[in-house]
Amino acid sequence: MLEIKIAKYAGFCFGVERAMDRAWKALENNSKIYSLGPLIHNSQAVKKYEEKGLQIIDDLGTVGKGDTVIIRSHGVPLDVYIEAEKKEVNIIDLTCPYVKKIQNIASKYYNEGYKIIIIGDPNHPEVIGINGWCNNDGIIVKKIEDLDKVSRNNKYCVVAQTTMNLQVYDQICNKLKDIIADTVFFNTICSATKERQEAAMEISKTVDAMIVIGGVHSSNTQKLVQICSQFCKTYAIETIEDLDLQEIAKCSNVGITAGASTPDWVIDNVIDKIKSL
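In our numbering, the protein residues as written are 117 to 393.
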């Protein structure tokens, strides 16, 4: 019989669950609400909100006085708030509290004369948002090689994308400690990310294959894929339709985890289908 091991920490994190709940309640009171970018990196969940009336926009150019706009959990640069105030747009700020903390750190230390180093993906909305709180002057470091961009002549404040791979973060910070003396470090990887990565790693060491459920654009999901792939065959899927069930049926045991933007009902569909094997 096929054994299924489900990671203790999988699916919505605190920040995503908070944002999704509040956005849904807002839509029940106002059917015309805009979201500055998709609420989360999960197309199945976003579709449900669009059917409820949520409209996705890329910037504030299409909204005006009195309109309501959601700032998603990833957060946005400071200039978005300034523009919204000028246009008299109503803001529902659903920025994850952990992300908001990083924004405040970046702003504080930038104003005190520090150069800000952000360890993370330069194309991720969370990182773009954080950089916007230090005048878009931050140095984005995704891998060790990016440290070539760091001058030895400044004092630095180091923060990290909440979903950063903990191993990569430690490698970069250790290297920074070797080459720069005047540096303040803030490990801002959120606890949910650490727990999810550690739980996925432990299971992946004990199974024939790992199934990671999450959006293709979800940063934390892709990091789970990278971690699990070190130890076993790993399948990255958005829904059960993406999974090769014939291959899974060949396994004696499989592990299942999911990114922070993956709804429970998507995870349950995968589990139920595999149980039927």
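Using N, Cα and C, we set each Cβ at its ideal position, and we do this for glycine too. On a predicted model such as this, the values are computed, not experimentally measured, just so you know.
Check your understanding: Which class does Lys259 belong to by DSSP, given the choice of helix, strand or coil?
Key -> If DSSP states are grouped into helix, strand and coil, Lys259 belongs with coil.
Exercise for review: May I ask you to list the residues that DSSP assigns as paired with Ser151?
Suggested key: DSSP output for Ser151 lists Ile172, Ile186 as bridge partner(s).
Check your understanding: How big is the Cα-Cα spacing for Asn158 and Asn227?
Key -> Their Cα atoms are separated by approximately 36 Å.
Review point. Can you check whether the CB of Ile372 is closer than 7 Å to the CB of Ile327?
Key: Cβ atoms of Ile327 and Ile372: closer than 7 Å.
Check your understanding: Fully enclosed by the stretch 343-370, which alpha helix (DSSP H) runs are 4 residues long or longer?
Key -> With a minimum length of 4 residues, the continuous alpha helix (DSSP H) runs that stay inside the stretch 343-370 are 361-365.
Check your understanding: If you draw a straight line from the alpha carbon of Ile288 to that of Gly153, how long is it in whole angstroms?
Key -> Ile288 and Gly153 have their C-alpha atoms some 30 Å from each other.
Point to revise | Given 8 Å, three or more beta-carbon pairs between the stretch 233-245 and the stretch 255-266 | key: Result yes; three or more Cβ-Cβ pairs closer than 8 Å.
Review point. So is Cys348 in contact with chain C if we call contact Cβ pairs under 7 Å?
Key: The displayed structure is made up of one protein chain only, and chain C is not part of it.
Check your understanding: Just reading off the beta strand (DSSP E) that Glu318 is part of, what are its end residues?
Key -> Annotation for Glu318: no beta strand (DSSP E) segment contains it, though the alpha helix (DSSP H) segment containing it runs 307-320.
Review point. DSSP state of Glu204, grouped into three classes?
Key: Looking at Glu204 - three-state DSSP - the assignment turns out to be coil, as it is neither helix nor strand.
Review point. Taking Ile353 as the reference, which of Lys124, Asp324, Val341 has the closest Cα?
Key: Selected option, being the one with the closest Cα: Val341.
Check your understanding: Roughly how far, in whole angstroms, is the beta-carbon of Asp183 from the beta-carbon of Val162, given that I think they are within contact range, below 8 Å?
Key -> At roughly 20 Å, the Cβ-Cβ gap does not stay under 8 Å, so Asp183 and Val162 are not in contact.
Check your understanding: Okay, do the stretch 265-273 and the stretch 238-245 touch, 3+ Cβ pairs below 8 Å being the bar?
Key -> Cβ pair count under 8 Å is below three, so no.
Review point. Closest to Glu144 by CA distance: which of Glu166, Ala222, Ala325 is it?
Key: Among Glu166, Ala222, Ala325, the Cα nearest to that of Glu144 belongs to Glu166.
Exercise for review: Put Phe301 into one of helix, strand or coil per three-state DSSP.
Suggested key: In the three-state reduction of the DSSP assignment, Phe301 falls in the strand class, which pools E and B.
Check your understanding: When DSSP labels each residue in this structure, what does Lys391 get in the three-state scheme?
Key -> Here Lys391 carries a helix assignment [DSSP, helix/strand/coil].
**Study point:** C-beta atoms of Gly330 and Thr322 nearer than 7 Å
**Key:** Contact annotation: Gly330 and Thr322 have beta-carbon atoms that are not nearer than 7 Å.
Practice item. Could you spell out where the alpha helix (DSSP H) holding Cys289 opens and where it closes? Key: Where Cys289 is concerned, the enclosing alpha helix (DSSP H) stretches over 282-295.
Review point. Closest by CA to Met317, which one among Cys344, Lys181, Asn146?
Key: Answer by Cα proximity: Cys344.
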